[in-house]
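Here is the structure we will look at, set down as structure tokens.
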Amino acid sequence: MSKGEIVLGCLAPHPPHVVYAENPEQNEAFAEGGWETLRWGYHRLARKLKNIDYDAMVIFTPHWQTYIGTHFLGLPKFKSKSVDPVFPNLFRYNYDISVDVDLAEEMRSAAAEAGIITKMMRNPDFRVDYGTITSCHMLNPEWDKPIVTISSNRNAHYYSAEVMNEQAGALGEACAKAIENSGKKVVLISSHSLSHRHFVTESPLPEDMSREHIYNHSQYVWDMKLVELMREGKMREVIDIIPEFTEQTIAETEAGGLTWMMAAMGFPEFSAEIYGYQSVIGTGNLIAAWDPNSKTREIVL
Amino acid sequence: MDEEPEILFGIYCPPHPQPLLSPDENSGYRKLRDSFELCKSRIEESGADIILVYSTTWPSIVGHQIQAHPNPTWTHVDDDFHYLGSMPYSFKIDTEFANKYMECCKERGLHSRTVSYDGFPIDTGSIVALKLLNPENKIPACIVSSNMYANRAETIVLGKAARDAIKSQKKKAVVVVVSSLSNRMFTEHIDPSEDRIHSAKDDEWNKKILEFFGDGRLEDISQLSRDIHNQIRVSKVVAYKPAWWLAATMGQHNNYDGEVLAYEALHGSGGAVIMLTPSKGSVGDKEFDEDDVEYYHGDREVLSKEII
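From first to last, the protein sequence lines are chains A and B. Note that my numbering gives residue 343 to position 12 of the first sequence, counting from 1, and the numbers run on in steps of one. Note that my numbering gives residue 337 to position 298 of the second sequence, counting from 1, and the numbers run on in steps of one.
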């Protein structure tokens, strides 16, 4: 069996607004559009993924929050409705998801061997989180590939952003080892915004783009600093400053997703592909990808 | 003179699912379960018209969300404790009260909205509380979220708006806060029979808070909220808000008969079932440091005043 590999890493934010604005048949709410910069960026990245040969998507989500270790989806099918607890007016999505349980088990075992507390989630009534659904829908609306969802252990709450960085990095290395041993080609997804301060009110028409802007300039400047480093291929530096960035911008990197993905990919020293940046209800959202294959790597924006 | 709202008593109870799903895996879980059931009996005997729940495990962002679906029905599974089993529920919600509570919030300057969607994910804490305190839906309920950015002023005003709604509808209310005391859990899986409070410091603080509750000193606990947050609360949110909401809803005083029915560990966190019944006697009000707030003025446009 040939060695497995990570064929792409995607930073894929999950504001439910982008699915809402797409009006897919799975979602009950109806929108007049909105957040095109993000959605068109997602479309572009989804087209790239169509030309990549891969077996599964592995997604690390901030909206399956666990305090007792890292958990993995552990049943082959999940079918239900996801209603966003914060934006139920926008997101009521009927999903039917396939899971690569073998890959999940392999990653779980590798993580446990590395000393990380782990658990398989095998309750058939479990509802898959809306972060997983939003990011995966936008990257692969056909849902024709199995996924693995990894929960986010909240080390930043219990200890510090520095501890989170260490633990998420260790998890990333363990997952990379498991992927290599699996023989599979895998797309990694880190599902989160960058700066993450929300407005606490919503306009009467949520997709009214005249009301949409970043929460404050400080958030924007920090977000742009990260984008600049990503363009320069300085991902080790990005991860080194993640604790400070997280603290300064209440960033959703607190969950560990970006650190996990970068550690799994060996902290790329090549440029990230930038697909779009836009605020959603005040938060800063970047779509980016890291393509290890220099022949298919692009300058997108 | 203004008539006071009729709040029969308050209950403080933990959000974790063990008392509901695995009460016999630890004698402490069983004590908590028995205490929930005692509260249930007292609610049934009280003649209450409504159970109003403030849950710390329902975070909101867009203002304060209030459950208004007349019959929310689903099967819930906890993010961490999924292996303990599923929690099917079907609740009876007082939609009229939910709408009134939202209106009262708006009258006090709060951004608020009701939610009424099939399949809306009611949180673990609310489910545990309502399934144990009101298993047959004998009394209609209402649930309000805990806004993750709200601090003291906003939460106090949210409590006062609850009073307004209870008074306006002339309801006899039982108010319930769903919250741990210390909320640091063990970060690894444990044998439930060996559960204990995570640290001696957490245990000492919990016991001090329980002394206050036992003496009926709810307003004093509310005033100590920031200290409690700093000392024994994992910082998932900006502040320890349940005491603010409960104290503001019940009337901001220390005149209660306090009963600590149980105090036990729940995977390391401090879980207590407490009843507070309004009474005539009081330990007296102490010197309070922070202002009272009647109306929420928002962020007062601090960032747009060009003060830098």
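Even glycine gets a Cβ: it sits at the ideal position worked out from N, Cα and C.
For this session: Note down, in chain order, each residue of its chain lying with its Cβ closer than 7 angstroms to the Cβ of residue 508/A, except the 5 sequence neighbours on either side.
Result: The residues are 441.
Problem set entry | Buried/exposed call for residue 601/A, threshold 16 Cβ in 10 Å | With fewer than 16 other Cβ atoms within 10 Å, it is exposed.
For this session: List in chain order: all unbroken beta strand (DSSP E) runs of 3+ residues lying wholly within the region 438–489 of chain A.
Result: Taking 3 residues as the shortest admissible run, the region 438–489 of chain A contains the following complete beta strand (DSSP E) segments, listed from N- to C-terminal end: 449–452, 478–484.
Exercise. Considering only the beta carbon of each residue, do residue 259/B and residue 251/B sit closer than 8 angstroms?
Worked result: Yes, the Cβ-Cβ distance between residue 259/B and residue 251/B is below 8 angstroms.
For this session: Could you check what DSSP says for residue 543/A in three-state terms: helix, strand or coil?
Result: Residue 543/A: coil per DSSP, three-state reduction.
For this session: Can you give me the start and stop residues for the alpha helix (DSSP H) that residue 240/B sits inside?
Result: Residue 240/B -> alpha helix (DSSP H) spans 239–253.
For this session: Give the DSSP-derived three-state secondary structure of residue 207/B in the structure shown.
Result: Taken through DSSP and simplified to helix, strand or coil, residue 207/B comes out as helix.
Exercise. Cα separation between residue 347/B and residue 545/A?
Worked result: With a pLDDT of 42 at residue 347/B, under the threshold of 50, the modelled position of this residue cannot be trusted; read the value that follows with caution. Each residue's alpha carbon lies about 19 angstroms from the other.
For this session: At 7 angstroms on the CB atoms, spell out the chain E contacts of residue 100/B, in chain order.
Result: In the structure shown, chain E cannot be found, because the protein chains are A and B.
Exercise. Tell me which same chain residues have a C-beta within less than 6 angstroms of the C-beta of residue 345/A, skipping the five on either side of it?
Worked result: Within the same chain, 462, 465, 466, 522 come within 6 angstroms of residue 345/A by CB-CB distance, once the 5 residues on both sides are set aside.
Exercise. Which runs of the beta strand (DSSP E), 3 residues or longer, sit entirely within the region 85–135 of chain B?
Worked result: Runs found: 89–99, 103–106, 112–115, 126–129.
Exercise. Going along chain A in order, which residues have a C-beta closer than 7 angstroms to the C-beta of residue 217/B?
Worked result: What residue 217/B touches in chain A: nothing, since even the nearest Cβ is about 15 angstroms away.
Exercise. Cβ atoms of residue 163/B and residue 54/B: under 8 angstroms apart, would you say?
Worked result: For residue 54/B and residue 163/B, yes; Cβs fall inside 8 angstroms.
Exercise. For residue 396/A, which of helix, strand or coil comes out of DSSP?
Worked result: Note: residue 396/A maps to strand in three-state DSSP.
Problem set entry | 8 angstroms Cβ cutoff, residue 296/B in contact with chain A | Residue 296/B does not count as touching chain A.
Exercise. Roughly how many angstroms separate the alpha carbons of residue 40/B and residue 310/B, rounded to a whole number?
Worked result: Residue placement at residue 40/B is flagged as unreliable, the pLDDT there being 44, under the threshold of 50; the coordinate-derived value follows with that caveat. Approximately 39 angstroms between the Cα atoms of the pair.
Exercise. How about residue 255/B and residue 293/B: do their beta carbons lie closer than 8 angstroms?
Worked result: In this structure, the beta-carbon distance from residue 255/B to residue 293/B falls below 8 angstroms.
Exercise. Hey, residue 599/A and residue 348/A: beta-carbon distance below 8 angstroms or not?
Worked result: Not in contact: residue 599/A and residue 348/A (Cβ atoms no closer than 8 angstroms).
For this session: Determine, using beta carbons only, whether residue 140/B comes closer than 8 angstroms to chain A.
Result: The beta-carbon of residue 140/B is placed no less than 8 angstroms from the nearest beta-carbon of chain A.
Problem set entry | Own chain, CB closer than 7 angstroms to residue 86/B, minus 5 neighbours either side, in chain order | 211.
Exercise. Given residue 468/A, which residues of its chain have a CB within under 6 angstroms of its CB, disregarding the five upstream and five downstream residues?
Worked result: Within the same chain, residue 468/A has close Cβ partners 350.
Exercise. If we ignore side chains and look at the alpha-carbon of each, how far apart do residue 197/B and residue 486/A end up?
Worked result: Distance from the CA of residue 197/B to the CA of residue 486/A, rounded to the nearest whole angstrom, comes to 31 angstroms.
Problem set entry | From 51/B, 194/B, 116/B, 277/B, residue whose alpha carbon lies closest to that of residue 335/B | The residue with the shortest Cα to Cα distance from residue 335/B is 194/B.
Problem set entry | Buried versus exposed, by CB contacts within 10 Å (16 or more), residue 288/B | By the 10 Å Cβ count, residue 288/B comes out buried.
Exercise. Any contact of the region 454–461 of chain A with the region 404–417 of chain A, i.e. 3+ C-beta pairs under 8 angstroms?
Worked result: In short, these stretches touch, since the Cβ pair count reaches three.
For this session: Starting from the Cα of residue 272/B, find the closest Cα among 237/B, 300/B, 296/B, 253/B and give me that residue.
Result: The shortest C-alpha separation from residue 272/B is found at 237/B.
Exercise. Alpha carbon to alpha carbon, what distance is there between residue 619/A and residue 380/A?
Worked result: Going from the Cα of residue 380/A to the Cα of residue 619/A covers about 13 angstroms.
For this session: Assign residue 642/A to buried or exposed, taking buried as 16 or more other Cβ atoms, counted over all protein chains shown, within 10 Å of its Cβ.
Result: Outside the shown range of chain A (332 to 632) lies residue 642/A, about which nothing can therefore be said.
Exercise. At a Cβ threshold of 8 angstroms, is residue 598/A touching chain B?
Worked result: Not closer than 8 angstroms to any Cβ of chain B, the Cβ of residue 598/A fails to qualify, so no.
For this session: Taking a Cβ distance cut-off of 9 angstroms, strictly less, list which residues of the region 207–235 of chain B are near chain A, in chain order.
Result: Within the region 207–235 of chain B, those residues whose Cβ lies closer than 9 angstroms to any Cβ of chain A are, in chain order, 223, 224, 225, 226, 227, 228, 229.
For this session: In the DSSP assignment, find the beta strand (DSSP E) that holds residue 548/A and state where it starts and stops.
Result: Not the beta strand (DSSP E): residue 548/A falls in the alpha helix (DSSP H), residues 548–562.
Exercise. Rounded C-beta distance between residue 318/B and residue 296/B? I'm assuming under 8 angstroms.
Worked result: The pair is a contact, with the Cβ atoms about 5 angstroms apart (cut-off 8 angstroms).
Problem set entry | Strand pairing of residue 316/B, partner residues [DSSP] | In the DSSP output, where bridge partners are listed per residue, residue 316/B has 296/B.
Exercise. Does the region 349–368 of chain A touch the region 430–439 of chain A, meaning 3 or more C-beta pairs lie closer than 8 angstroms?
Worked result: In short, these stretches do not touch, since the Cβ pair count stays below three.
For this session: Report the neighbours of residue 158/B on chain A: residues whose CB is nearer than 7 angstroms to its CB, in chain order.
Result: Going along chain A in sequence order, the residues near residue 158/B (Cβ under 7 angstroms) are 412, 414, 423.
Problem set entry | Validate contact between the region 548–567 of chain A and the region 386–398 of chain A using beta carbons, cut 8 angstroms, 3 pairs | The region 548–567 of chain A, when compared against the region 386–398 of chain A, does not touch it at the 8 angstroms Cβ threshold.
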